[in-house]
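K.L.:
There are 2 protein chains.
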Amino acid sequence: MQDNSVRIKDVARVAGVSTSTVSRTLTRPDKVSRHTRDIVQAAVQETGYRFNHAASNFRKQRTGTIAAFIPNIANPYYPDILSGLAAGFADTPYTLVTVDTAAGQEAERLARPYFDKRRADALVVTAGSLAPALLTAWRADGQAPPVVEIGEGPDPAQNPRVSIRNAEAAAQAVAHLVALGHRRIGFVNGPQSYTSAARLAGVMGGEDARARVTWTTSGPLGFAFGQSAAREWMGLRDRPTGVFCATDVLACGFIGEVMRNGLRVPQDVSVIGFDDVEGMAYLHPALTTIRQPRFAMGQRAAQMVCELLDTPRQELGGQELGETVMAVTLVVRDSTGAPPASSQDDRGVPRARQG
Amino acid sequence: MQDNSVRIKDVARVAGVSTSTVSRTLTRPDKVSRHTRDIVQAAVQETGYRFNHAASNFRKQRTGTIAAFIPNIANPYYPDILSGLAAGFADTPYTLVTVDTAAGQEAERLARPYFDKRRADALVVTAGSLAPALLTAWRADGQAPPVVEIGEGPDPAQNPRVSIRNAEAAAQAVAHLVALGHRRIGFVNGPQSYTSAARLAGVMGGEDARARVTWTTSGPLGFAFGQSAAREWMGLRDRPTGVFCATDVLACGFIGEVMRNGLRVPQDVSVIGFDDVEGMAYLHPALTTIRQPRFAMGQRAAQMVCELLDTPRQELGGQELGETVMAVTLVVRDSTGAPPASSQDDRGVPRARQG
DNA sequence: ATCAGCACTGCAACCGATTGCATGACCCGT
DNA sequence: ACGGGTCATGCAATCGGTTGCAGTGCTGAT
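Chains Z and X are the protein sequences, given in the same order. The first sequence lines up with residues 1 to 355 when you count with my numbering. The second sequence lines up with residues 356 to 710 when you count with my numbering.
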């Protein structure tokens, strides 16, 4: 009843039809008459046949694999993206393979092999996982499978992409601080990248926002740099009263260090993060942040991949899918508030000395 | 020079040998004469041939895939495990596929398909990702690939396993609190599982430790339950002065809520976590915890998988590999300290009313 | 009655590497 | 010089579905 060596030909024998018919019954039931279909299905039951994806994929010259590159799996930004991708591929025949490129450090060794149609049917590359130049070069190889990008990247997009408006979102974060009355604002940015450039542009965007941003710094994503940014901030003469961190993780490291030094958040300094990563709502203070719909972004990317793959080579495939831009949300929690009283009087351009 | 349609037979033609020879040159160079090998390798260069793993795997009736099941990818416990696994498989022909089983909720749909040699060459199942009963049942299927377990599980181990001594480690955490002078100790445990049972056993292990544990609770892993545990704790009459949380995430949620209510850590309550998850060292206060060597555990598991797969069916394979037990480390940071003065006098069995 | 058109099914080649078995060359001991 | 052994290599079947093409039978229109 359920031997491990049941093949399509065994089913065919039992059903008294050819393997072609069994194959068709399994993959395109509409091409087979109702009668035959029933017979074959009964035979499948009787034999305990289980479909062999590997063989099918091989014959079809596909892999059934989608590779997703992420810069650092330890960064809590990615789990939701991956869940979204997984959800998006859940009812498809595709298997998701996640590759941590160590922020691109190991890209040559780990990612390069996937730029080959025989290794993956499509690729999902998240911002920061691969130098854009490498992506372009490898993508041009001819052997490369289609790619879908997630996050900020070169404009216009070379591939279908799902993203957010980083500049606008960053501006929104700054606006939140300004609305609370902050007149000296700091910005802790991530390392040089399209993403950080966009966010910086957003922060510096408005005439009057720019005047209020008195301090910016940038460094590697991760708690450690949040911590050093806090140290830097503490050493400042006219400390910004509101600090926007380009990432919740940075914000978390920043807040921890600031509090360790006896300062209070938001009484002494307001901090707003970005991403709305898991857990930050449970800290004290709960982190105010800009939420990215990461799950939905992953899911949408998966959907794009499927469209790309289902669409026969009729058109350029990629170009038509274009870019899906998702909305972010300001999530106000407890890490932002009015600036300390001593700086309440400040207006416009910050003064050189604190009152 | 580099067409996408270069196959082994093209290389053979260019080299003037048979495909068998090319294949052997590629996979078992020692079976080919030095002379021929050079010729073939030159032909490989010239043609730009790239090996087709899918075809190779298919012919060899393997998949080249190792599936790893984890309960929840959003839990910061797993990234390091996955990195370790990835590192362990880095120089092997295996591809790691990560499957989030939603704590086993979706196991039937997501994990079951992999219990089939045609889907994966081996499985890595982490504690909590799959009900042990399902694992046993599916494993017995005959079609199932070998599995390696990570974490606590049924004793004796049915499969090769890498683990830590959860009971001892938990006892160590309690001992740390006791050594600091705590006489009323609380334990916030995870949901019912082999892991939580072992930790509870450890907590309750010693005669005198048991007397000191005045409160235990258990619930789902995650920040939210850490928070509710804190609320529960705050409502207690004779609050434990030291609390051991079975997970850093629980500890984090616990501390956040406690501080939000104006209490200080460790001045008012000491909290020790478990795992040493990323980021917890940057919080305020930095979390004292028991470190699990997660990366090494993943790496060791990968190594076991390879041994299992390399070893021909000569012996039972699994049984001989047994269990690798790794050492944990107490990492003392700032979330634990002496109990508050008001409870310093407490000795031995806690009193019913606070002095 | 005839035939185009359609629906269904079978035949057999095919995806690309692997490998058991056969072959031929050559070596060695007796 | 011959039988047995070793080494290197080639032949061809094989892994398990898939699919282009051809064949069969039936319907409906003329």
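We put the beta carbon where it would ideally sit given N, CA and C, even for glycine. As the structure is a computational prediction, the values presented were derived from the model and not from experiment.
How about Z/V269 and Z/P285: do their beta carbons lie closer than 8 angstroms?
P.N.:
No, the Cβ-Cβ distance between Z/V269 and Z/P285 is not below 8 angstroms.
K.L.:
Whose Cβ in chain Z lies nearer than 8 angstroms to the Cβ of X/M614?
P.N.:
By Cβ distance, chain Z contributes H284.
K.L.:
Spatial neighbours of Z/G317 within its chain, please: C-beta separation below 8 angstroms, excluding the five flanking residues on both sides.
P.N.:
Residue confidence is low: Z/G317 scores 43 on pLDDT, short of 50, so the model does not pin down where it sits. No coordinate-derived value is stated.
K.L.:
Between X/G653 and chain Z, is there a C-beta pair that is closer than 8 angstroms?
P.N.:
Answer no: the Cβ-Cβ gap between X/G653 and chain Z never drops below 8 angstroms.
K.L.:
For a cutoff of 8 angstroms on Cβ pairs, would you count X/F578 as touching chain Z?
P.N.:
Interface residue, yes.
K.L.:
Can you name the residues of chain X whose CB is closer than 9 angstroms to the CB of Z/C245?
P.N.:
Within 9 angstroms Cβ-Cβ: nothing; Z/C245 doesn't reach chain X, min ~13 angstroms.
K.L.:
Would Z/H182 and Z/P340 qualify as a contact pair, given that the criterion is a beta-carbon distance under 8 angstroms?
P.N.:
Going by C-beta atoms, Z/H182 is not nearer than 8 angstroms to Z/P340.
K.L.:
Output yes or no for whether 8 angstroms exceeds the beta carbon distance between X/V604 and X/G590.
P.N.:
Their beta carbons are not under 8 angstroms apart, which means X/V604 does not touch X/G590 by this criterion.
K.L.:
Show which residues of chain X have a CB atom less than 7 angstroms away from the CB atom of Z/P76.
P.N.:
Chain X residues near Z/P76: P431.
K.L.:
If we count the other Cβ atoms within 10 Å of its Cβ and call it buried at 16 or more, is X/D319 buried or exposed?
P.N.:
With chain X represented from 356 up to 710, any question about residue 319 of chain X goes unanswered, as that position is not in the structure.
K.L.:
Give the secondary structure of Z/E315 by DSSP, where H, G and I count as helix, E and B as strand, and everything else as coil.
P.N.:
Note on Z/E315: pLDDT 49, under 50, position unreliable in the model; no value is reported.
K.L.:
Can you find a CB in chain Z that lies within less than 8 angstroms of the CB of X/T374?
P.N.:
No, because no Cβ of chain Z sits closer than 8 angstroms to the Cβ of X/T374.
K.L.:
To the nearest angstrom, how far is the alpha carbon of X/G653 from that of X/A445?
P.N.:
So the two alpha carbons sit approximately 12 angstroms from each other.
K.L.:
From the DSSP output, in three-state form, read off Z/N357 for me.
P.N.:
Outside the shown range of chain Z (1 to 355) lies residue 357 of chain Z, about which nothing can therefore be said.
K.L.:
Excluding the five sequence neighbours on either side, which residues of its own chain have a C-beta within less than 6 angstroms of the C-beta of X/P595, listed in chain order?
P.N.:
Contacts found: R539, I540, G541, T569 and W570.
K.L.:
Given a limit of 9 angstroms on CB to CB distance, which residues of the stretch 79-96 of chain Z reach chain X?
P.N.:
Cβ contacts with chain X: P79, D80, L82, S83, A86, A90, T95 and L96.
K.L.:
Compute the Euclidean distance between the alpha carbons of Z/A301 and Z/V162, then round it to the nearest angstrom.
P.N.:
Each residue's alpha carbon lies about 6 angstroms from the other.
K.L.:
Let me check understanding here. Comparing Cα to Cα, which of Z/R62, Z/Q45 and Z/Y77 lies closest to Z/R291?
P.N.:
Answer by Cα proximity: Z/Y77.
K.L.:
What is the DSSP secondary structure of X/I428, counted as helix, strand or coil?
P.N.:
In the structure shown, X/I428 sits in coil (DSSP, three-state: anything other than H, G, I, E or B).
K.L.:
Could you confirm whether any beta carbon from chain X is found closer than 8 angstroms to the beta carbon of Z/Q192?
P.N.:
Z/Q192 does not count as touching chain X.
K.L.:
Within 8 angstroms (strictly less), CB to CB, does Z/Q227 reach chain X?
P.N.:
Closer than 8 angstroms: yes.
K.L.:
How about Z/N414: is its C-beta nearer than 8 angstroms to some C-beta of chain X?
P.N.:
In this structure chain Z extends from 1 to 355, so residue 414 of chain Z is not present and cannot be described.
K.L.:
Using a C-beta to C-beta distance shorter than 8 angstroms, which residues of chain X count as neighbours of Z/G256?
P.N.:
The contacting residues are Y637, L638, H639 and A641.
K.L.:
Looking at the secondary structure, which residues open and close the beta strand (DSSP E) in which Z/E278 lies?
P.N.:
Segment: none, Z/E278 is in no beta strand (DSSP E) and carries neither H nor E.
K.L.:
With a threshold of 8 angstroms between beta-carbons, can Z/V6 be considered close to chain X, or not?
P.N.:
Taking Cβ atoms only, chain X never reaches closer than 8 angstroms to Z/V6, which makes this a no.
K.L.:
Under 8 angstroms between beta-carbons, which chain X residues line up against Z/N52? List them in chain order, please.
P.N.:
The answer, in chain order, is R473.
K.L.:
In whole angstroms, what is the alpha-carbon distance linking X/L555 and X/R615?
P.N.:
Taking the straight line from one Cα to the other gives about 28 angstroms.
K.L.:
Who does Z/N189 pair with in a DSSP beta bridge?
P.N.:
Beta-bridge pairing links Z/N189 to Z/S218.
K.L.:
Tell me the residue span of the beta strand (DSSP E) that contains Z/T95.
P.N.:
Residues T95 to D100.
K.L.:
Name the chain X residues whose beta carbon is nearer than 9 angstroms to that of Z/D100?
P.N.:
Here the neighbours are P434, L437, S438 and A441.
K.L.:
What first and last residue would you give for the beta strand (DSSP E) that runs through X/M681?
P.N.:
Where X/M681 is concerned, the enclosing beta strand (DSSP E) stretches over E678 to M681.
K.L.:
Using the beta-carbon of each residue, which ones in chain X are nearer than 8 angstroms to Z/C252?
P.N.:
By Cβ distance, chain X contributes G634, Y637 and L638.
K.L.:
Among residues of its own chain, excluding the 5 on either side of Z/T19, which ones have a beta-carbon nearer than 6 angstroms to its beta-carbon?
P.N.:
Closer than 6 angstroms at the Cβ level, and outside the excluded window around Z/T19, lie I8, K9 and A12.
K.L.:
Residues in the same chain with beta-carbon distance under 6 angstroms from Z/V331, minus the five sequence neighbours each way, listed in chain order, please.
P.N.:
Excluding residues within five positions, the ones whose Cβ falls inside 6 angstroms are D276, T289 and R291.
K.L.:
Please classify Z/A133: is it buried, with 16 or more other beta-carbons within 10 angstroms of its beta-carbon, or exposed?
P.N.:
Answer is exposed; the Cβ neighbour count stays below 16.
K.L.:
Output yes if chain X places a C-beta closer than 8 angstroms to the C-beta of Z/T63; else output no.
P.N.:
True, the Cβ-Cβ gap to chain X drops below 8 angstroms.
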